[in-house]
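Going by the working numbering, the first residue of the sequence shown is number 4, and it counts up by one from there. Idealized CB from N, CA, C, for every residue including glycine.
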Amino acid sequence: MKPFLFYSPHFSIPSFAFMIMMASLIATAVLYKTAPKRGLSQVVVLDLAIIGTLAGVLGARIFHILVEAPGYYWEHPTHVWQIWRGGFVSYGVFIGFAIGWITYLKVRKLDTLSYLDHLGLFGGPIVDFCVRVGCLLAGCCYGKPSIFHSGKYFLYLTFNSGDAGSKFPGVALYPTQIYSMIVSIIIFLILYFIVDKRKSFKGQVMMTFLMLYAASRFFIEFLRGDMDRGVYFNAISTGQIMSILFFFGAMGCYFYFKKRYPLKRITDNRPQTTDH
């Protein structure tokens, strides 16, 4: 756990904030470079990156404060700005993205679904991976005590400081942050090599990303040990409730877009040549 990459009384670099910045920069670079090959404007991609960064961070933080821990921040209002403590919810990011991106694309009268597919293919997995690295460094989003605590396995993490360290000092915990990072890689591979290659309608990539993310998040939540994130009846968390809503919402959009915005299949984009 390393909540600060650099710390001094006069200047500090919180690890989580740094990884949010890296998520934005890396995703923007990849989205910008790949946009022309997909017939999309690089200028629009840069606009979407700026809007997404601001809207995503605000959405993630506001969702956490208002939904997961309103009582805590009422008692500790100065902690609202202490982002190195954690306290960002990915579903708040998606809500912020949706509001910011769709508003911009509709106002500009651009091909909304084509841009969303591009953002879902490259932006979604990259941002989620980097943010989970930030969670690992900050020590948030940690797991429950792991049954795989033998030295033969690399299936656990231990914390001696921070929130995880205070609740489970030196206890082997499920590495839920690492699980989420691995899932991000798997989702990208599925989207890039399978879904995007066989794309048959606009919006297919983004909706598939949301369904895969929601399903994986739902199951990883069972292993989470940070109960203060919002767990009801000691059985279901806020994240799982949102996962269910996002999964079925994305599924409904998936079938609607499939019927409403089909694409013509192109079997071969290569230039025709003549043998001599």
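Item: Quick check on the burial criterion: 16 or more other C-beta atoms within 10 angstroms. Buried or exposed for residue 38?; Value: buried
Item: Helix, strand or coil: how does DSSP classify residue 146 here?; Value: strand
Item: What are the boundary residues of the beta strand (DSSP E) that includes residue 221?; Value: First-last for residue 221: 207-223, but that is the alpha helix (DSSP H), not the beta strand (DSSP E).
Item: In terms of residues, what are the limits of the beta strand (DSSP E) holding residue 7?; Value: 7-10
Item: Whose C-beta lies closer than 7 Å to the C-beta of residue 2 among residues of the same chain, with five residues either side of it excluded?; Value: This structure does not reach residue 2, given that the chain is present from 4 up to 279, and the question cannot be answered.
Item: Does the beta-carbon distance from residue 313 to residue 110 come in below 8 Å?; Value: For residue 313 there is no data in the structure shown, the boundaries of the chain being 4 and 279.
Item: List in chain order: all unbroken beta strand (DSSP E) runs of 3+ residues lying wholly within the segment 4-68.; Value: 7-10 and 15-17
Item: Measuring CA to CA, which of 42, 182 and 58 is closest to residue 132?; Value: 182
Item: What does a CB cutoff of less than 6 Å around residue 253 pick up in its chain, not counting 5 residues either side in sequence?; Value: 210, 213 and 214
Item: Considering only their Cβ atoms, is the gap separating residue 16 from residue 28 smaller than 8 Å?; Value: no
Item: What residue range does the alpha helix (DSSP H) around residue 84 cover?; Value: That residue, residue 84, is in no alpha helix (DSSP H); it is neither H nor E in DSSP.
Item: Of the residues 63, 76, 50 and 82, which one's Cα is nearest the Cα of residue 32?; Value: 50
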